[in-house]
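Reviewing the structure listed below.
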Amino acid sequence: MAGNWKMYKTPAETSTFFEKFRPLVAGSTHCEIVVSAPFTDLQTAVEAALSTRIQIGAQNLFWEKEGAFTGEISCPMIRSTGATHVLVGHSERRQYFGETDEAVLKKTLAALASDLTPIVCVGERLEQRESDDTELVLIEQFSKGIAGLEAKQFARIVIAYEPVWAIGTGKTATPEIAAEAHQMIRNEVQKRYGEDQAARMRILYGGSVKPENVKSLMAQPEIDGVLVGGASLDPVSFGSIVNY
Ligand code: 13P
358 MAGNWKMYKT PAETSTFFEK FRPLVAGSTH CEIVVSAPFT DLQTAVEAAL STRIQIGAQN
418 LFWEKEGAFT GEISCPMIRS TGATHVLVGH SERRQYFGET DEAVLKKTLA ALASDLTPIV
478 CVGERLEQRE SDDTELVLIE QFSKGIAGLE AKQFARIVIA YEPVWAIGTG KTATPEIAAE
538 AHQMIRNEVQ KRYGEDQAAR MRILYGGSVK PENVKSLMAQ PEIDGVLVGG ASLDPVSFGS
598 IVNY
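Number 450 in the working numbering belongs to position 93 of the sequence shown; there are no gaps in the numbering.
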């Protein structure tokens, strides 16, 4: 169960969040819990999550280790904060910052090389769904973005399916629509990496997940977890999503 805070919260707000969130998930041993925070909150979040099962992630990375890349943050830098996860290829990065599938592959490889778990995001835009291109888009994002990984590397990633039309819009994909897309992705995993890997693969659903709809989403065997934006900012609502 992963949260994506996007560009919200200062370090002080991060501390306040964890004070309330920690006790709510202290007994939640049924799942892994990840909070992906802004770079400037990582250290505070890691410290606040010490001796808990909560893991901390970043939301982006640059694939070089260091160098003249003004404004960028590398995987070793992320790792040095104690963060263990990183989002790669979120639709907002693709949409507003021109991130391509090729960049997604480079970033995924760099994350793995630094022992960070990449949560690689894929998903179609509204017009692509309406023109019946969902499967095509998912296959393309899969084949250009992640199918370049070796089997051993692939086994260490998590995929998040986030239909762009469901992000921040209050329009959740129905559990059936989400499960159908997860199945499309899993089919690609099976073709490229085999049946065992496809069965083991964790695919999270993201897009307007709330305490009210998480149960029906998680009831789909195809949905292994969720990636939560807005509702992860509030400790009580993210707590009740984790404990669905
Ligand atoms: P919302 O839950 O706010 O729709 O955001 C989803 C998302 O983008 C998570 O990465």
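Every residue gets a Cβ at the ideal spot worked out from N, C-alpha and C, and that includes glycine.
Heavy atom of the ligand 13P within 7 Å of residue i beta-carbon
i      : result
ILE534 : no
GLU519 : yes
ALA425 : no
HIS539 : no
VAL428 : Here residue 428 turns out to be Gly, not Val, going by the sequence shown. Outside the cutoff, so no.
GLY596 : no
Classification of residue i by the beta-carbon crowding that lies within 10 angstroms, buried from 16 upward
i      : result
ASP398 : buried
GLU423 : exposed
GLU545 : buried
VAL593 : exposed
GLN412 : buried
Three-state secondary structure assigned by DSSP to residue i
i      : result
HIS447 : coil
CYS388 : coil
LEU381 : helix
ILE430 : coil
GLY563 : strand
GLN416 : coil
PRO475 : strand
GLY502 : helix
Pairwise C-alpha distance: residue j and residue i
i      : j      : result
VAL583 : ALA359 : 6 Å
GLU487 : TRP522 : 11 Å
GLU429 : GLY505 : 24 Å
ALA470 : ARG450 : 21 Å
VAL392 : MET434 : 18 Å
VAL403 : ILE516 : 23 Å
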